[in-house]
Amino acid sequence: MPKIVRILTIPAVLAALLLIPGSAVPRPYPTVIAGLGDSITQATNTCCGPGSYPGRSWSTGDLPADGIRSHYERLAALHPQVSGNNHNYSVNGAKAASLAAQASKAVAQEADYITILIGANDLCASSASAMTSTADFARQIDAALETLHRGLPRARIHVSSIPDLYRLWSVLRSNREARRVWSGSGICPSMLGAGTSEAQRQEVVAREEAFNAILAETCAKYRSCRWDGGAVYRYRFSAGQISTLDYFHPGPAGQAELAELTWQAFNGHHSP
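Quick note: the sequence shown uses the numbering used here, first residue -4, plus one each step.
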């Protein structure tokens, strides 16, 4: 009789195991990473001279011994199969309107780990009144995430908040060289322009907060999307973490901190 009971209970045990969500097959490590966004992910003006240095990117960078442990390098240390499969589709000056096109490239590459950092250029308009509207921003972000969701339903999507532009102004506003470069190069006039009033700057602050809320809400619609919880926006960066080429982009220390901050925000309590 005991033998019969054991024989009868084995199928029941197997059936119970099959009913436990995710118990049978653990999610595999990523094998292809793609970075989407703007010049921050391009690592523009991060080193040496004007230009992009994607090898130093917080997301897909692969330059050894640069002091920047990118997401790609961290993934490769955990799972060597990702080695050589890092793709940076970010574009200097990109706005949210171009994100869906970048997402399509990630789909074509069959990426399964994707980072997104976008929105600064939608804020950095010729004036506060010329910024991207919240309605347009929401539609454009959703179009990009929908492209990724449909094309790569099992990919891990990581959405970062936009760095605090008002803090950038606050940290460097007393730096004469920074003000000279901002003015001479026309960098983010809606926030950094010499003639921009405090009231206009607060318009940018309000729009940035709205954009970050949109990023969080849109990401929450998709099961495979992780939001950084506002970690990048809340981070109190210092002048030493900003490029001295343009006093706008992250320098090497800024890229390194961005990599660490986002890695912990996205993967600190989850497997990557």
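A virtual CB, placed ideally from N, CA and C, is assigned to each residue, including glycine. Computed from a predicted structure; not experimentally measured.
Coil, strand or helix - residue i by DSSP
| i | result |
| --- | --- |
| P184 | helix |
| G30 | strand |
| W222 | strand |
| S78 | coil |
| S99 | helix |
| Y217 | coil |
| S93 | helix |
| Y67 | helix |
| T39 | strand |
| L73 | helix |
| N83 | strand |
| L58 | coil |
| G113 | For clarity, residue 113 is Ile in the given sequence; the question names Gly instead. Of the three classes helix, strand and coil, the one that applies to I113 here is coil, per DSSP. |
Beta-carbon spacing of residue i, residue j below 8 Å
| i | j | result |
| --- | --- | --- |
| G46 | V102 | no |
| S85 | D33 | yes |
| A251 | I63 | yes |
| V176 | A234 | no |
| S238 | T41 | yes |
| S155 | T55 | no |
| M126 | A120 | yes |
Residue i versus residue j - alpha carbon distance
| i | j | result |
| --- | --- | --- |
| A130 | A60 | 43 Å |
| K100 | A89 | 15 Å |
| C220 | A91 | 17 Å |
| R168 | I157 | 20 Å |
| Y228 | D159 | 5 Å |
| Y24 | Y242 | 37 Å |
| S124 | Q195 | 9 Å |
| L94 | L31 | 7 Å |
| D57 | A211 | 29 Å |
| Y108 | H153 | 8 Å |
Burial state of residue i (16 or more Cβ within 10 Å)
| i | result |
| --- | --- |
| A19 | With a pLDDT of 43 at A19, under the threshold of 50, the modelled position of this residue cannot be trusted, and the question is left open. |
| I(-1) | Residue confidence for I(-1) is low, a pLDDT of 40 falling below 50, so the modelled location carries little weight; the figure read from the coordinates is stated next. That one is exposed. |
| P245 | buried |
| L73 | exposed |
| G181 | exposed |
| Q197 | exposed |
| A215 | exposed |
| A106 | buried |
| A189 | exposed |
Residue i beta carbon near the ligand ADP (any heavy atom closer than 7 Å)
| i | result |
| --- | --- |
| W53 | This structure simply doesn't include the ligand ADP, nor any ligand for that matter. |
Residue-level contact to chain D via CB, residue i, 8 Å cutoff
| i | result |
| --- | --- |
| P49 | Any reference to chain D falls outside this structure, which holds one protein chain only. |
Report the start-end ranges of each alpha helix (DSSP H) in the region 228 to 259 that is 4 residues or longer and not cut off at the edges. none
In chain order, what are the residue ranges of uninterrupted alpha helix (DSSP H) at least 4 long that sit wholly in the region 120 to 203? Runs of the alpha helix (DSSP H) lying entirely within the region 120 to 203, each at least 4 residues long, are 129 to 146, 160 to 167, 171 to 180 and 184 to 187 in chain order.
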